[in-house]
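Protein chains in written order, with the numbering used here: chain A, 210 to 465; chain B, 63 to 316.
For glycine and all other residues, C-beta sits at the position ideal for the given N, C-alpha and C.
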């Protein structure tokens, strides 16, 4: 196969998948707007995505805050700006690192789990079984995951922001012995509500994208155990790529 | 009554069903036989609307389900129960929750009551004391029984069996055959089974239809099929590697 043909093939695959994901988004929204919603399932998914991701998110957030403080403190000290560490940590966490790192973790944890679970259900005909029991699998399986992704990721990011800033505090004040008052003052001085909101908007987008992409990969799995493996890997890779690429464009749009 | 009229279905360049015609009377038990890859599963999935045909009709009690909107199709589906080849139990739920799934979702039956009904249905298929187990704790034969209990829980009029005896030992397979007969006699359901297990076909069928090359090439009572002149059907029911049916992808040194 020549390279041009190869590229064309990739382009077609990409377009097909994007279209297919958007179609899934449409039917998900359609089912979302027509109750009854499956509250029990939604709650279960919220616990799965939100509560069970919490430990990893906490560890990531605190160390990110700590390393940010460590790096900026030593760097800024060279030109006597170490008082600004609080602002750097707060702005970096809320605008960028909180949403993106949390999303990447959720993609790796919950996204992979969604793709694997739905993929297994597909190859063992459990999704067909749902259909034969007159239950729409999109409404039953995908809507709860989509809602959970949409709401739980911003919730995790709020926690991640706070913990990250505390991590920065521990290093700046605890390790370097800087003034606690100045750290908090600098944190609040330059932090605007807009920084937090736009971070949360990004998080909601990432959460919805992870759920949709991972459910899509799982839902359309074929080819047995190998297919489930591929769907899972594909879900994590595509979710992560989507997070990183869309992060740039969302940031350019939200922070202009 | 179920009527399949000139049904065609392709997957890419693979033309699987090439004009299937089949008529199943109310209360009748029809077994569709055919080799692996002959399109039996595709046929049964078209009958319950899991797949949409490229052309042709599937008429269930006077309604052509191939043109129905999603919502209407789900209404028609409530007439059906299906037993899958590997049971397809929901592995995140307990046995009784599997059986009571449709009851709780569609009939609004409360949990305690639904569990009672589930236990009753499990008893009908010969299972006692398994309601609180998870599907992963069951043997293959037990899974099929639970799958059957789930399929009959909402009292369907039509039962579909996808290879009901495949993967079971001969004794367990015969027990499943007995259950299928019992379901028809007790519940008066119409049943359609697909299988390549001839013992099972002879035992449970009022009528056997053979699917070959995407069309039904012969139908008849078990007796008629047993005495058929058709060389293709003969080869299949006697289970011979030699004859008009070529094994795909294998060299034939006949």
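Annotation for residue 223 (chain B): the continuous beta strand (DSSP E) segment containing it runs 220–224. Chain B places no beta carbon closer than 8 Å to that of residue 290 (chain A), leaving this residue out of the contacts. For residue 188 (chain B), the closest of B:77, B:245, B:82 by C-alpha to C-alpha distance is B:245. Within the same chain, 119 come within 6 Å of residue 126 (chain B) by CB-CB distance, once the 5 residues on both sides are set aside.
Taking 8 Å as the upper bound for CB-CB distance, residue 268 (chain B) and residue 100 (chain B) are not in contact here, some 21 Å apart.
Residue 274 (chain B) has B:277 as its beta-bridge partners, per DSSP. When Cβ-Cβ separations below 8 Å define contact, residue 225 (chain A) makes no contact with chain B. Legend: CB atoms of the region 312–340 of chain A lying less than 9 Å from CB atoms of chain B belong to residues 326, 329, 330, 333, 334, 335, 336, 337, 338, 339, 340. Around residue 231 (chain B), the same chain offers no residue with a beta carbon nearer than 7 Å, after the five sequence neighbours per side are excluded. Here residue 296 (chain A) is buried: its Cβ has 16 or more other Cβ atoms, across all protein chains shown, within 10 Å. Residue contact check for residue 344 (chain A) against chain B: a CB pair falls below 8 Å. One finds 344 in chain A with Cβ atoms closer than 7 Å to the Cβ of residue 167 (chain B), taken in chain order. Collapsing the DSSP output to three states places residue 456 (chain A) in a helix. Taking the CA atoms as reference points, residue 71 (chain B) sits about 15 Å from residue 129 (chain B).
One Cα belongs to residue 324 (chain A), the other to residue 213 (chain B), and the distance between them is close to 27 Å.
Residue 237 (chain A) is not a Cβ neighbour of residue 167 (chain B), given a cutoff of 8 Å. Near chain A, meaning a CB-to-CB distance below 8 Å, no residue of the region 251–273 of chain B qualifies. Contact annotation: in the region 128–141 of chain B, residues whose CB is within less than 8 Å of a CB in chain A are 132, 136, 137, 139, 140. Segment contact: the region 145–162 of chain B against the region 194–205 of chain B, three or more CB-CB distances shorter than 8 Å; contact assigned.
Around the beta carbon of residue 261 (chain B), fewer than 16 other beta carbons lie within 10 angstroms, which makes this residue exposed. The bridge partners DSSP lists for residue 120 (chain B) are B:66. Collapsing the DSSP output to three states places residue 254 (chain B) in a strand.
Residue contact check for residue 112 (chain B) against chain A: a CB pair falls below 8 Å. A direct Cα-to-Cα measurement between residue 418 (chain A) and residue 451 (chain A) gives close to 8 Å. Excluding sequence positions up to five before and after residue 317 (chain A), its CB lies within less than 6 Å of the CB of 445, all in the same chain and listed in chain order. Considering only B:210, B:133, B:87, the residue with the shortest C-alpha distance to residue 243 (chain A) is B:133. Taken atom to atom, the span from the alpha-carbon of residue 349 (chain A) to that of residue 335 (chain A) is near 12 Å. Proximity of chain A to residue 144 (chain B) at the Cβ level (cut-off 7 Å) is accounted for by 341, in chain order. Closer than 8 Å to the CB of residue 148 (chain B) there is at least one CB belonging to chain A.
By the Cβ neighbour-count rule, residue 247 (chain B) is exposed, with fewer than 16 other Cβ atoms within 10 Å of its own. Taking the Cα positions, residue 332 (chain A) is about 12 Å away from residue 438 (chain A).
Closer than 8 Å at the C-beta level to chain A, one finds these residues of the region 157–181 of chain B: 163, 164, 167, 168. Interface criterion met: the Cβ of residue 152 (chain B) is under 8 Å from a Cβ in chain A. Straight through space, the alpha carbons of residue 224 (chain A) and residue 354 (chain A) are spaced by roughly 24 Å.
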